[in-house]
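Position 270 of the sequence shown, counted from 1, bears residue number 270 in the UniProt record's numbering, the numbering being contiguous throughout. Input: a single structure, listed below in structure tokens.
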Amino acid sequence: MKNRDNKFDFIKGILIILVVIGHAIQALYGIDNKEVWYNPIFNIVYTFHMPLFIFISGYFFSSSLKYSFSILLEKKATRLLVPTFIWSTVILLIWGTATEWQDVKPFKVYTIYKSYWYLICIFVLTFTYYIIVKNKFIKLIILLIYIVSVIFYDYLPWPIFKDCQVIRQFAIFGLGILYQSKWKNLMAQSKFYKYIFLASDVFTIIGIRYFYGYNMMDFPPIIRIIDGICCSMLVFIILSNSYNPIKNNKIINGFVYLGKNSLAIYLIHVVAFRFIIYSGYTFEYNLISAINLTTILIGTSLFLMFIIKSLLKEKSYIVGV
1 MKNRDNKFDF IKGILIILVV IGHAIQALYG IDNKEVWYNP IFNIVYTFHM
51 PLFIFISGYF FSSSLKYSFS ILLEKKATRL LVPTFIWSTV ILLIWGTATE
101 WQDVKPFKVY TIYKSYWYLI CIFVLTFTYY IIVKNKFIKL IILLIYIVSV
151 IFYDYLPWPI FKDCQVIRQF AIFGLGILYQ SKWKNLMAQS KFYKYIFLAS
201 DVFTIIGIRY FYGYNMMDFP PIIRIIDGIC CSMLVFIILS NSYNPIKNNK
251 IINGFVYLGK NSLAIYLIHV VAFRFIIYSG YTFEYNLISA INLTTILIGT
301 SLFLMFIIKS LLKEKSYIVG V
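In structure tokens, the structure reads:
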């Protein structure tokens with residue numbers, strides 16, 4: 001890709017490590033153990049890591065507008081939905097083998113196929129905003145539906161829009177679009193606007209924790225959306241402003257490499273994570289174990305990525321490459 005901005009790969013590299021750390025901690029606690037939400041590392045990571053990924057997708061959304069709807073549909077289905085289906089099927093086979101296909105129910109199959117909710121969410125949001133940009137009348141209808149959905153979030157049906165977080169991540173995807181088209185230049189030209197934005201952001205984050213506590217699972221839906229936006233924007237500004245002074249460092253180049261392969265790591269490590277869960281292994285949580293498991297999951301993902309790439313070649317999109 002020409003003129004690729006490694007700053008975003010640097011940010012994505014850090015984010016994918018945090019995604020894997022989150023899953024490693026969850027595996028050590030146990031998939032159904034709600035106590036994991038009281039783990040400070042897990043709770044902090046989950047306030048911003050996926051929303052910031054979605055913000056970055058929104059930032060690069062404008063490239064989608066140069067395609068017709070049908071061509072974009074083909075590209076995004078190939079890039080997002082095909083890997084989702086293939087790797088979810090692998091997870092289903094692992095689960096079926098581990099349980100000897102006992103208690104197979106539609107809802108269980110559904111929960112497995114939404115393992116990659118993030119990719120489904122990006123797919124839906126891309127086409128939602130494509131329609132918004134292309135049709136001003138429909139834009140008003142969609143925005144009205146979104147506002148009503150946020151207000152009555154707890155009463156929404158679970159498929160896609162709730163389980164795949166389309167409603168919760170709708171706003172931050174749009175903020176990514178706005179930041180790229182307007183806010184980026186505004187904050188670059190005036191430190192005053194940047195400092196006002198940062199101060200407001202930090203004040204909101206502190207205020208939310210003062211009134212609602214530190215566990216994000218206790219936040220009402222609208223507060224969780226606002227908190228995700230504020231935490232993500234704070235981390236984005238810190239990381240994006242940190243990159244240039246340190247960009248020639250070899251460690252930083254390692255983060256850039258991980259960022260360029262973040263989709264492959266995401267796809268493959270979820271399979272390994274689910275394998276651990278379904279195999280019934282039990283662990284005792286400690287920080288060293290979390291770091292070790294994170295290293296194993298990332299290393300395994302990169303190793304399998306190389307093998308699959310060499311075997312599939314022109315179909316390497318299956319591993320997000």
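Virtual Cβ for every residue (Gly too), placed ideally from N, Cα, C.
From the options, pick the residue whose C-alpha is nearest to that of residue i; which is it?
{"i": "Phe123", "options": "Ile276, Lys105, Leu140 and Lys76", "result": "Lys76"}
{"i": "Leu297", "options": "Ser310, Leu267 and Lys315", "result": "Leu267"}
{"i": "Ser181", "options": "Lys108, Gly58, Phe107 and Ile167", "result": "Gly58"}
{"i": "Thr89", "options": "Lys108, Leu302 and Ile141", "result": "Lys108"}
{"i": "Val150", "options": "Phe137, Pro157 and Arg168", "result": "Arg168"}
{"i": "Leu15", "options": "Leu239, Leu312 and Asn286", "result": "Leu239"}
{"i": "Val45", "options": "Ala188, Val148, Ala24 and Asn292", "result": "Ala24"}
{"i": "Phe53", "options": "Leu119, Lys139 and Tyr153", "result": "Leu119"}
{"i": "Ser70", "options": "Ile141, Tyr130 and Asn292", "result": "Tyr130"}
{"i": "Phe273", "options": "Leu28, Cys230, Lys7 and Phe8", "result": "Leu28"}
{"i": "Asn6", "options": "Lys247, Thr300, Asn185 and Asn286", "result": "Lys247"}
{"i": "Asn241", "options": "Ser200, Met187, Glu284 and Ser262", "result": "Met187"}
What residue range is occupied by the uninterrupted alpha helix (DSSP H) comprising residue i?
{"i": "Arg209", "result": "Lys191 to Tyr212"}
{"i": "Ala27", "result": "Asn6 to Tyr29"}
{"i": "Tyr59", "result": "His49 to Tyr59"}
{"i": "Thr294", "result": "Leu287 to Leu312"}
{"i": "Val45", "result": "Pro40 to Val45"}
{"i": "Ser70", "result": "Phe69 to Lys76"}
Taking the beta carbon of residue i as the centre, do at least 16 other beta carbons fall within 10 Å, making it buried, or is it exposed?
{"i": "Leu65", "result": "exposed"}
{"i": "Gly22", "result": "buried"}
{"i": "Trp101", "result": "exposed"}
{"i": "Ser310", "result": "exposed"}
{"i": "Met1", "result": "Residue placement at Met1 is poorly supported in this model, since its pLDDT is 45, which falls under 50; the coordinates still yield a value, given next. Exposed is the call here."}
{"i": "Asp227", "result": "buried"}
{"i": "Ile41", "result": "exposed"}
{"i": "Ser232", "result": "buried"}
{"i": "Leu18", "result": "buried"}
{"i": "Ser279", "result": "exposed"}
{"i": "Ser190", "result": "exposed"}
{"i": "Thr282", "result": "exposed"}
{"i": "Pro220", "result": "exposed"}
{"i": "Thr295", "result": "exposed"}
{"i": "Val20", "result": "buried"}
{"i": "Met217", "result": "exposed"}
{"i": "Thr97", "result": "exposed"}
{"i": "Phe48", "result": "buried"}
{"i": "Thr78", "result": "exposed"}
{"i": "Ile229", "result": "buried"}
{"i": "Leu178", "result": "exposed"}
Throw me the rounded Cβ distance for the residue i and residue j pair, which I believe falls under 8 Å.
{"i": "Ile126", "j": "Phe61", "result": "For the sequence presented, residue 126 should be read as Thr rather than Ile. The pair is a contact, with the Cβ atoms about 7 Å apart (cut-off 8 Å)."}
{"i": "Val271", "j": "Ile91", "result": "6 Å"}
{"i": "Val82", "j": "Ile318", "result": "7 Å"}
{"i": "Phe10", "j": "Tyr155", "result": "Phe10 to Tyr155, Cβ: 40 Å. No contact."}
{"i": "Tyr210", "j": "Asn43", "result": "Not confirmed; about 16 Å, so no contact."}
{"i": "Lys12", "j": "Gly176", "result": "Going by Cβ atoms, the distance from Lys12 to Gly176 rounds to 13 Å, so no, they are not a contact pair."}
{"i": "Ile252", "j": "Leu302", "result": "Not a contact, Cβ separation roughly 18 Å."}
{"i": "Ile208", "j": "Ile223", "result": "6 Å"}
{"i": "Phe173", "j": "Tyr146", "result": "With 8 Å as the limit, Phe173 and Tyr146 do not qualify as a contact, their Cβ atoms being about 11 Å apart."}
{"i": "Gln165", "j": "Trp117", "result": "6 Å"}
{"i": "Leu263", "j": "Gly320", "result": "3 Å"}
Between residue i and chain B, is there a C-beta pair that is closer than 9 Å?
{"i": "Thr282", "result": "As a matter of chain content, chain B is missing from the structure shown, which is built from one protein chain."}
Ignoring anything shorter than 3 residues, give me the beta strand (DSSP E) runs that lie fully in the segment 92-174, in order along the chain. Listed in chain order, the beta strand (DSSP E) elements of length 3 or more contained wholly in the segment 92-174 amount to none.
Could I get the ranges of all uninterrupted alpha helix (DSSP H) runs contained in the segment 222-278, with 4 residues as the minimum, in chain order? Within the segment 222-278, the runs of alpha helix (DSSP H) that reach at least 4 residues and sit entirely inside it are, in chain order, 250-260.
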